[in-house]
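Undergrad:
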Amino acid sequence: MAASPDSPETGAVRPGPGGHRLLLRGLPAALAFLTVLPVRRLLPGGDAGIERAVPWFPAAGAVAGGAMALACRAGDLLSGTPVGAALAVAAGLLITGGLHADGLADTVDGLAGGRGDRERALRIMRDGRVGSLGAAALFASLLLRFAAVSATAGPYRWPGLVCAAVTARTAVVLALSGFAYARPGGGTGAAFARRLSPHELVFAFSSAALLVALAGGPAAFLAAAASLSAGLACAAAIAAAIGGLTGDSYGAVCEVAEVVFLLSWSVR
């Protein structure tokens, strides 16, 4: 039986009548999954067609980055650089509901506690409790973000936060499309883990490039290249350890890519 034009089997929405409307449904889906914004009610049929969200991940990243930039700007005006940096970090956690931070902590716990045993690592990653190494990784991530934003020259802090969030979600798009899903029985990230079609990838990367260019200018592409490279290296290392990626792994990739962008941007 042939797959419908917008079924998961095709991995894409084919052009045709109403195709643009179908594509646009991916934006509220991406915002519903990656942020705490109350947009789930905009999804027709609840979570049906949630796989369309992936090409819109960079755009959802721009929304999260915009929230961080606004918080940073407010802190800078009210009290100065350290407060602005702290508010930016806090806003990033709030707008995402700690989704990616939790993934980083669980991934570190799983890889460290698994000790080379794939099944053990996956069991630990599924456990909702955070271990000492996961907590340390999370603390290091937050500390590096704060230091990087604080060290960035004033007018460059706000565009850097937007570009970092966009690039990090683009790294997740690469990880979703380029690596197998590690849990045969499915999981949180299973609905998104598929190889994107060429036109979906073009859409994701062209929108990411446009957003980065508008926010940060040509100089931002150097930091973006470092960020994407770090995200891919993180994904490859996790996949080598557990035979693929999980929902937590995508969070870890996002966190690593975002931190590397902010660090690279701070020394521009």
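So for the sequence shown, my numbering puts the first residue at -4; every next one is plus one.
In this text, a Cβ means the ideal position worked out from N, Cα and C, and glycines have one as well.
Treat the numbers as computed from the prediction; the structure is a model and nothing was measured.
1) If contact is defined by three or more beta carbon pairs under 8 angstroms, each pair taking one atom from either stretch, is the stretch 77 to 85 in contact with the stretch 132 to 144?
2) Mind checking R110: buried by the 16 CB within 10 Å criterion, or exposed?
3) CB-CB under 7 angstroms to S145, same chain, minus the five flanking residues each way: which ones, in chain order?
4) Opposite L295 in the DSSP bridges: which residues?
5) Please work out which residues of its chain come closer than 7 angstroms, Cβ to Cβ, to C249, disregarding the five sequence neighbours upstream and downstream, and give them in chain order.
6) Please determine, among R263, S261, V251, the residue with the shortest C-alpha to C-alpha distance to F134.
7) Mind checking S224: buried by the 16 CB within 10 Å criterion, or exposed?
8) Thinking just about the alpha-carbon of each residue, which of S136, G173, P33, P179 is nearest to the one in E114?
9) I think L99 touches G246, with their Cβ atoms under 8 angstroms apart; what is that distance to the nearest whole Å?
10) To the nearest whole angstrom, what separates the beta carbons of A59 and A160, a pair I think is in contact under 8 angstroms?
11) Assign F187 to one of three DSSP states: helix, strand, or coil.
12) Would you tell me roughly how many angstroms separate the C-alpha atoms of P90 and Y151, rounded to the nearest one?
13) One question on the structure: do A264 and L29 come within less than 7 angstroms of each other, judged by their Cβ atoms?
14) Check this for me: beta carbons of G21 and P53, under 7 angstroms apart or not?
15) Find the nearest neighbour of T102 within the set A221, L257, D243, judged by alpha-carbon distance.
16) My guess is that L117 and G126 are in contact by the Cβ rule of under 8 angstroms, so how many angstroms apart are they, rounded?
17) Can the beta-carbon of L240 be found less than 7 angstroms from the beta-carbon of A170?
18) Exposed or buried, what is L26 when buried is set at 16 or more other beta-carbons lying within 10 Å of its beta-carbon?
19) What are the uninterrupted segments assigned as beta strand (DSSP E) that are 3 or more residues long and contained completely in the stretch 127 to 155, given in chain order?
20) With V31 as the anchor, note down where its alpha helix (DSSP H) starts and where it stops.
TA: Judging by the given coordinates:
1) With three or more CB-CB distances shorter than 8 angstroms, the stretch 132 to 144 counts as touching the stretch 77 to 85.
2) Answer is exposed; the Cβ neighbour count stays below 16.
3) Contacts found: T76, P77, A80.
4) Any answer about residue 295 is impossible in this case: the structure gives the chain only from -4 up to 263.
5) Cβ neighbours of C249 beyond the five flanking positions: H95, A163, R164, A166, V167.
6) When only C-alpha atoms are compared, the closest one is V251.
7) With fewer than 16 other beta carbons inside 10 angstroms of its own, S224 counts as exposed.
8) Per the Cα distances, P179.
9) About 6 angstroms separates the two Cβ atoms, so the contact holds.
10) Confirmed, Cβ separation roughly 5 angstroms.
11) F187: coil per DSSP, three-state reduction.
12) First, the residue type needs correcting, since residue 90 is Ile and not Pro in the sequence shown. Between I90 and Y151, the C-alpha separation is close to 21 angstroms.
13) It is not possible to answer for residue 264, since the shown part of the chain is limited to -4 through 263.
14) Not in contact: G21 and P53 (Cβ atoms no closer than 7 angstroms).
15) With distances taken between Cα atoms, T102 lies closest to D243.
16) About 15 angstroms; that fails the 8 angstroms criterion.
17) By the CB criterion at 7 angstroms, L240 and A170 fall inside the cutoff.
18) Under this definition L26 is a buried residue.
19) Correct list: empty.
20) No alpha helix (DSSP H) contains V31, which DSSP labels as neither H nor E.
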